[in-house]
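Q: Position in the sequence shown counted from 1, then plus 13, gives you this note's numbering.
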Amino acid sequence: MKDWLAENGIRGRVRYYGCPAEEGGSAKGFMVREGAFDDVDIAICWHPAPFSGVTKPVSLACMEMDFTFTGRSSHAAAAPELGRSALDAVELMNVGVNYMREHMPDGARVHYALQDAGGIAPNVVQGRARVRYLVRGKTLPEMQALVARVKKIAEGAALMTETTVSHQVLSADANLVGNTPLEQAMNANYERLGPPRFDEADKAFAREIQKTLTAEEIDATYRRAGIPPIPGEALCERIVPLDAPEPKSFGSTDVGTVSWVVPTVQARGATYAVGTPGHSWQLTAQGKTPAAHKGLEHVAKVMAGTALDALRDPGLIEKAKADHRARLAETPFVNPIPDDVQPPLSMAGH
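Okay, structure coming up:
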């Protein structure tokens with residue numbers, strides 16, 4: 014693209030952002046907070062997927078937090094009355110959040126994982142325990158309201174067990190804001206370029222991956238994408254139409270935070286076997302395959318074509334900015350990452 018701009022005498026700047034830790038580190042959210050996107054007109058990005066097409070704005074706002082309970086250790090048999098169990102507090106918090114689930118907005122999600130149970134000896138009252146929560150909502154205000162409720166439940170669990178609780182925000186992402194002009198421009202590039210093409214060796218390996226999956230897992234991939242299934246389809250060689258039913262996806266991405274400050278469009282590129290679950294060994298096993306590289310190169314062309322359309326037609330950028338302003342006119346942006354939270358230097362254990 015840089016060469017094309019020079020050859021055609023067109024003014025413009027193409028900036029490439031290296032973005033680590035999209036999944037659990039919210040890297041782009043920290044970059045937004047530090048002003049890395051302040052002088053950007055439009056942002057174009059992509060995500061690997063089983064299908065190719067424009068990403069619909071269905072990702073959820075989220076916040077990841079650690080809750081640490083502190084009690085008092087004692088011998089569980091000789092002096093149980095002296096102990097105040099932090100592990101009991103964690104369990105009560107989990108129970109309380111589970112009762113909250115019935116009263117959450119549709120589409121909201123709450124997940125948890127025990128980080129520290131206090132120890133391995135059952136004959137000791139555990140004086141310290143930590144649980145990690147990931148709270149998701151369709152919008153930033155919805156997510157933040159759920160976070161406030163989860164914090165109250167944690168405080169209640171501490172009160173019931175005569176322990177204390179503290180919480181630490183690890184990361185947070187905003188929901189993805191759509192942009193119709195950019196989505197239409199990207200879709201036009203998909204239609205001009207056509208779908209990615211894979212050879213028989215690519216498909217043979219994908220079929221081996223599919224043998225480790227259930228028919229239900231494969232069918233669910235089509236349902237989430239909002240497209241009809243094709244029996245025996247190992248790698249997708251078609252484009253998901255822009256007007257396909259809104260996919261049922263409840264993940265989160267730090268691209269969402271960028272989309273609140275810059276008109277943003279995201280592509281998805283077919284790079285792995287249909288049915289592959291996210292965050293699975295099957296997905297990892299396909300990360301460096303020839304099919305993955307073919308999908309990557311294909312979506313790079315789509316992204317470049319979309320950017321060239323914007324550089325050739327400043328009117329597209331103005332339409333994108335107008336669409337962006339209209340969508341967020343009544344909701345001022347507040348970065349979900351608190352000012353005092355810094356990005357981790359290591360993702361180990363994060």
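Glycine is no exception: its CB is placed at the ideal position from the N, C-alpha and C atoms. The model shown is predicted, which means the values in this text are computed figures rather than measured ones.
Give the DSSP-derived three-state secondary structure of residue 166 in the structure shown.
A: Reduced to three states, the DSSP call for residue 166 is helix.
Q: Going by DSSP in three states, residue 292 sits in which element: helix, strand or coil?
A: It is coil, neither helix nor strand.
Q: Give the C-beta separation of residue 74 and residue 153 to the nearest angstrom, bearing in mind that I take them to be a contact with Cβ-Cβ under 8 Å.
A: Indeed, because the Cβ distance is near 5 Å, the residues count as touching under 8 Å.
Q: Residue 199: which of 254, 259 and 174 sits nearest, CA to CA?
A: Nearest of 254, 259 and 174 to residue 199, Cα basis: 254.
Q: Looking at residue 140 and residue 220, is the spacing between their C-beta atoms short of 7 Å?
A: No, Cβ-Cβ distance for residue 220 and residue 140 is not below 7 Å.
Q: Could you check whether residue 244 and residue 311 sit closer than 7 Å to each other, using their CB atoms as the reference points?
A: Not in contact: residue 311 and residue 244 (Cβ atoms no closer than 7 Å).
Q: What are the start and end residues of each continuous alpha helix (DSSP H) run of 4 or more residues lying completely inside the region 165-228, in chain order?
A: Counting only runs of 4 or more, we get 193-206 and 213-223.
Q: Quick one: is residue 215 buried, meaning 16 or more other Cβ sit within 10 Å of its Cβ, or exposed?
A: Residue 215 comes out buried.
Q: What number of angstroms, rounded off, separates the C-alpha of residue 349 from the C-alpha of residue 149?
A: The straight-line gap from Cα to Cα measures roughly 12 Å.
Q: Under DSSP, the beta strand (DSSP E) around residue 285 begins and ends at which residues?
A: Taken as a continuous stretch (DSSP letters only), residue 285 belongs to no beta strand (DSSP E), as it is neither H nor E.
Q: Pull the bridge partners of residue 77 from the DSSP assignment, please.
A: Paired residues: 147 and 184.
Q: Would you call residue 77 buried or exposed, if buried means 16 or more other Cβ atoms sit within 10 Å of its Cβ?
A: Classification of residue 77: buried, given that the 10 Å Cβ count is 16 or more.
Q: DSSP state of residue 48, grouped into three classes?
A: Here residue 48 sits in coil by DSSP.
Q: Determine the extent of the alpha helix (DSSP H) in which residue 337 is found, giving its start and end residues.
A: Residues 327-340.
Q: At what residues does the beta strand (DSSP E) containing residue 7 begin and finish?
A: This structure does not reach residue 7, given that the chain is present from 14 up to 363, and the question cannot be answered.
Q: With DSSP as the reference, please indicate the residues paired to residue 67 in a beta bridge.
A: Answer is 280.
Q: Beta carbon of residue 193, beta carbon of residue 102: below 7 Å?
A: The answer is no: Cβ separation not under 7 Å.
Q: Can you check which of these residues, 14, 18 and 42, is closest to residue 355 by C-alpha distance?
A: The option with the nearest alpha carbon to residue 355 is 42.
Q: Quick one: what does DSSP say residue 303 is sitting in, helix, strand or coil?
A: Note: residue 303 maps to helix in three-state DSSP.
Q: Taking only three categories from DSSP, how would you classify residue 83?
A: Note: residue 83 maps to strand in three-state DSSP.
Q: Helix or strand or just coil, what does DSSP make of residue 238?
A: In the structure shown, residue 238 sits in a helix (DSSP, three-state: H, G or I).
Q: Among 204, 233 and 106, whose alpha-carbon lies nearest the alpha-carbon of residue 314?
A: The shortest C-alpha separation from residue 314 is found at 204.
Q: Can you tell me whether DSSP reads residue 231 as helix, strand or coil?
A: Three-state result, residue 231: helix.
Q: Residue 136 and residue 92 look like a contact to me (Cβ under 8 Å); what is the Cβ gap, rounded to whole Å?
A: At roughly 11 Å, the Cβ-Cβ gap does not stay under 8 Å, so residue 136 and residue 92 are not in contact.
Q: If the criterion is Cβ atoms closer than 7 Å, does the pair residue 40 and residue 34 meet it?
A: Yes, the Cβ-Cβ distance between residue 40 and residue 34 is below 7 Å.
Q: CB-CB under 6 Å to residue 60, same chain, minus the five flanking residues each way: which ones, in chain order?
A: If we look at residue 60 and ignore the five residues flanking it on each side, its Cβ neighbours are 281.
Q: Residue 137 bridges to which residues according to DSSP?
A: Per DSSP, 88.
Q: Per the contact definition of three or more C-beta pairs closer than 8 Å, is the region 230-244 in contact with the region 285-294?
A: Judged by Cβ distances under 8 Å, the region 285-294 makes contact with the region 230-244, as three or more pairs qualify.
Q: Could you say which of 342, 67, 264 and 46 lies nearest to residue 201 if we only look at CA atoms?
A: Comparing Cα positions, the closest option is 67.
Q: Just checking my contact of residue 45 with residue 274 at CB under 8 Å: how many whole Å lie between their CB atoms?
A: That belief holds up - the Cβ atoms of residue 45 and residue 274 are roughly 6 Å apart, short of 8 Å.
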